[in-house]
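Participant: Using numbering that gives the first Met the number 0, you'd call the opening residue of the sequence shown number 0 and step up by one each time.
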Amino acid sequence: MDRMNFRKIFFEFVSISFAVFLGMMMNQWRDSYNNKQLAKQSLNNIMIEVSDNRELVSRLLAGHKRIVSEIDSALFLVENGAEDDAAEIEGNVEFSIVQSTAWETSKLTQAIAYMDMNLVAEIAGTYNYQEYYQSLVMTYVRDNILNSGMTKFLSGDGVEDLDELKRFKVFLSDITVLEEKLIRNYDDVLEAAGMSSVSDME
């Protein structure tokens, strides 16, 4: 093999190797870009969901505090000799489902693997607390309301058993504490997202 053929083969080998290397680098860059875009979109969806959940829980908290106050007033009247029908409680008690679709989707698509890990930990903690709050509400509603005279109260028809009303007041008081904590968690997540290195995903 003369020197010219050797140089030609060497040049072709280097060219092919460089082309393969360049192709691999382009694929890696494309994958990295797509992963960052997925993480960015997923994070945006989570922040929208957290903001919406915060608004919902804030509304529930205000309503539950109002009902607790009205129950206190009603119990005071009854315990001081007023007729039961004089102790009216206006309005219905509202419970709603808080959403976690965006968070669950980000886990299924593994988008969280490309987010800031400190932020992911903050988000995960908030959604875990949200699930805890919601499970307590659903369990109480199922076990203590749907199968009791409290269904009358929920529908605005009043309640005959004052003991049930007292128990419900205790439950609502406990729930408002959880709702206040959940709102603070939402605020922490929204603040952390604003301070996190989201620009690293752009």
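The beta carbon of each residue, even a glycine, is placed where N, CA and C say it ideally should be.
Leaving out five residues on either side along the sequence, give the residues of the same chain with a beta carbon under 6 Å from the beta carbon of Ser-154.
Facilitator: Note that Ser-154 scores 49 on pLDDT, short of 50, meaning its location in the model is unreliable; the coordinates nonetheless yield the value given after this. Once the five neighbours on either side are set aside, Ser-154 has no close Cβ partner at all.
Participant: Report the rounded CA-to-CA distance for Ala-191 versus Gly-124, giving the unit in angstroms.
Facilitator: 13 Å
Participant: My understanding is that Asn-262 touches Gln-98, with C-beta atoms under 8 Å, so please give their C-beta distance in whole angstroms.
Facilitator: The structure shown does not extend to residue 262, since the chain spans only 0 to 201, so no value can be given for it.
Participant: Classify Ala-61: buried if its beta carbon has 16 or more other beta carbons within 10 angstroms, exposed otherwise.
Facilitator: exposed
Participant: Report all residues from its chain with a CB closer than 6 Å to the CB of Asp-186; omit the five preceding and five following residues, and keep chain order.
Facilitator: none
Participant: Assuming Gln-129 is part of the alpha helix (DSSP H), what are its boundary residues?
Facilitator: 116-139
Participant: Start and end of the alpha helix (DSSP H) containing Ala-101?
Facilitator: 100-107
Participant: Out of curiosity, what's the CA-to-CA distance linking Val-169 and Leu-135?
Facilitator: 13 Å
Participant: Evaluate Val-167 with the Cβ neighbour count: other Cβ atoms within 10 Å of its Cβ, from every protein chain shown; 16 or more gives buried, anything less gives exposed.
Facilitator: This sequence places Phe at residue 167; Val is not what is there. With 16 or more other Cβ atoms within 10 Å, it is buried.
Participant: In this structure, does DSSP put Ile-96 in helix, strand or coil?
Facilitator: It is coil, neither helix nor strand.
Participant: Can a CB atom of chain C be found closer than 8 Å to the CB of Thr-125?
Facilitator: As a matter of chain content, chain C is missing from the structure shown, which is built from one protein chain.
Participant: Where does Gly-155 sit, in a helix, a strand or coil, going by DSSP?
Facilitator: Because the pLDDT at Gly-155 is just 48, under 50, the model does not fix this residue reliably, and the point stays unresolved.
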